Structure formats: structure tokens, C-alpha cells
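Just so we're on the same page, my numbering is the position in the sequence shown counted from 1, plus 457.
Here a beta-carbon is modelled for each residue, glycine too, at the ideal position from N, C-alpha and C.
Nothing here was measured: the structure is a model prediction, and the numbers come from that model.
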Amino acid sequence: MVSHTSRQLFIQGVTTSGRTFRPSDWAERLAGVMSQFRPGGATPGSHLSYSPWCIPTSVGNVKCVIIHRDMRDAEPMAWDFCINFARDNDLQVVEACPLPDPPAGLAGKPRP
Numbered sequence: 458m459v460s461h462t463s464r465q466l467f468i469q470g471v472t473t474s475g476r477t478f479r480p481s482d483w484a485e486r487l488a489g490v491m492s493q494f495r496p497g498g499a500t501p502g503s504h505l506s507y508s509p510w511c512i513p514t515s516v517g518n519v520k521c522v523i524i525h526r527d528m529r530d531a532e533p534m535a536w537d538f539c540i541n542f543a544r545d546n547d548l549q550v551v552e553a554c555p556l557p558d559p560p561a562g563l564a565g566k567p568r569p
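Here it is, written out as C-alpha cells:
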């Protein structure tokens, strides 16, 4: 399920049978719970922002959470929590690297 070469995993809000996972704010909830796990550890007020190791996002119309492998090295129990959340809810997990947004004026044009 998880190799050792990718730096990021995407937990997708789609089950292995293709159903959309509910509730619709699951990604924000998971990332909120993980907000205290961050480089340098939790600091006062760190619960008010997402950890750089666990970011909610959307890819197309699919809610996702991007989990960075650095969390696995620094906080193995937090990493296991996220992986087990995906497994327990039968969510699709893929290894990927997000592509940056194209520069203004190039949207829709093929990448070289």
C-alpha cells in the first residue's frame, strides 16, 4: 500500500468501491485533529492552523488529505492514526506529488 520512495500520500474521499466518503468535511476534521503534529512540535496557537504534514485539499471534485512522510518519521503514532483512518473507512490511498499551479496565462495549455 505504501512504498518508501514517495514523500506524500493522498488519502482520497472515495472508498475502494467508488462511493463518496461522508461527512463532506471529513478532510478538514482529520487535518484538524492532526494540527498539533508539526515540525518542532506543538506551540501555543498551533491548533489554529493545519500542520504542514497533514493538509486537506481537493483534487478535481474529490476531497483529499495530503500526508507527508516526515510525519511518519517524527510522529509514528500520528502517521498510523491517519493510515488506519483510511484503512478503517476503506478509503483509497495513492502516492503522488502535487503539481504546482501553472503560471498565470498558461492555464489549460499543455505542460512541456
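Buried or exposed (CB count within 10 angstroms, at least 16 for buried), residue i
i	result
Arg495	buried
Gly470	buried
Met534	exposed
Ser508	buried
8 angstroms Cβ shell around residue i - same chain, five flanking residues per side excluded
i	result
Val522	Phe467, Ile468, Ala484, Leu487, Ala488, Cys511, Ile512, Pro513, Thr514, Cys539
Ser474	Asp547
For residue j and residue i, the rounded distance between their alpha carbons
i	j	result
Ala499	Trp536	16 angstroms
Ser481	Ile524	19 angstroms
Leu548	Arg476	9 angstroms
Arg526	Pro501	24 angstroms
Val551	Gln493	24 angstroms
Thr472	Gln465	19 angstroms
Arg479	Val490	17 angstroms
Per DSSP, the bridge partner or partners of residue i
i	result
Thr514	Cys521
Ile468	Val522, Val550
Close-in-space but distant-in-sequence residues of the same chain around residue i (CB under 6 angstroms, 5 per side omitted)
i	result
Ala543	Ile468, Val550
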